[in-house]
Amino acid sequence: MSLQRVLTYLCRPATLEHYKAAMVLSGAGDALGYRNKLWEYNESGPAIHQEVKELGGLRNISVELPHWPVSDDTVLHLATAEGLATGEVKMKEDPFNLSHLNFSLLGKTGEELLHEVAARYVEGMKDMDGRAPGPSSIWGVSQLKPGEEGGFRVPYNDQGTGCGAAMRSMCIGLR
186 MSLQRVLTYL CRPATLEHYK AAMVLSGAGD ALGYRNKLWE YNESGPAIHQ EVKELGGLRN
246 ISVELPHWPV SDDTVLHLAT AEGLATGEVK MKEDPFNLSH LNFSLLGKTG EELLHEVAAR
306 YVEGMKDMDG RAPGPSSIWG VSQLKPGEEG GFRVPYNDQG TGCGAAMRSM CIGLR
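Reading the sequence shown from the start, the letters are residues 186 to 360 in our numbering.
Written out as structure tokens, the structure reads:
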């Protein structure tokens, strides 16, 4: 394959299908790694590999409810995505050109957007039954006051641990 062809392939615009696939695969990977709280904090790779083998191998695992729920990270990743997706779709100048490039998402920006994401996080924390949010997540979301001035800001937590911020931010790059 020529370099030009590779660059053309890599530089094509992302579609709604790409976005959906990224979100679904992120959640599926999270559910697999979480395994209903059994693997999230298991530090033994060999033990997890043995359990996968006992389950018939990765190809034989059917990641579905009720035995493979998503973790708190996917719930809050969805909150991030939903907050970022708020807004309305408007036609651009030429209403007769129906190409996908002729629409624009006039979403929230700036502090309005940050308040929206904060509100989605507060709501998302209500869906933690059976999940294992860490103390940093619980404390951080408890500090959010969406709608109040600066209510999307959380003081720096020098005792914070985990990787929840990374788990919940992939969709930012998709916006």
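Even for Gly, the Cβ is constructed at its ideal location relative to N, Cα and C.
Using 8 Å as the threshold, is the C-beta distance between residue i and residue j below it?
i: Gly242; j: Thr271; result: no
i: Gly309; j: Val260; result: yes
i: Arg197; j: Thr265; result: no
i: Arg220; j: Asp257; result: no
i: Leu359; j: Ala199; result: yes
i: Gly345; j: Ser327; result: no
i: Ser211; j: Met313; result: no
i: Val248; j: Ala216; result: yes
i: Gly218; j: Glu225; result: yes
Which residues in the same chain as residue i place their Cβ atom closer than 6 Å to its Cβ, once the five residues preceding and following it in sequence are excluded?
i: Ile246; result: Leu240
i: Gly319; result: Gly347
i: Leu286; result: Residue placement at Leu286 is poorly supported in this model, since its pLDDT is 48, which falls under 50; the coordinates still yield a value, given next. Same-chain partners within the cutoff: there are none.
i: Leu201; result: none
Skipping 5 residues on each side, what residues in its chain have a beta carbon closer than 8 Å to that of residue i?
i: Leu298; result: Gly268, Leu269, Thr271, Gly292
i: Gly332; result: His300, Ala304
i: Ala207; result: Met355, Cys356, Leu359
Applying the 10 Å Cβ sphere with the 16-neighbour rule, what's the burial state of residue i?
i: Val302; result: buried
i: Pro254; result: buried
i: Gly295; result: exposed
i: His234; result: exposed
i: Tyr194; result: exposed
i: His262; result: buried
i: Gly178; result: There is no way to answer for residue 178, as the model of the chain reaches only from 186 to 360.
i: Gly335; result: exposed
Would residue i pass as an interface residue toward chain D - the criterion being a Cβ-Cβ separation below 8 Å?
i: His252; result: Of the protein chains in this structure there is only one, and it is not chain D.
Can you name, in chain order, every residue of its own chain whose Cβ lies under 7 Å from the Cβ of residue i, other than the five neighbours on each side?
i: Trp324; result: Asn342
i: His252; result: Asn221
i: Val339; result: Gly325, Gln328, Leu329
i: Val307; result: Val326, Leu329, Pro331
What runs of the beta strand (DSSP E), each 3 residues or longer, lie entirely inside the segment 186 to 229? Runs of the beta strand (DSSP E) inside the segment 186 to 229: none found.
Unbroken stretches of the alpha helix (DSSP H), 4 residues or longer, contained in the segment 303 to 332: Listed in chain order, the complete alpha helix (DSSP H) runs (minimum 4 residues) inside the segment 303 to 332 are 320 to 327.
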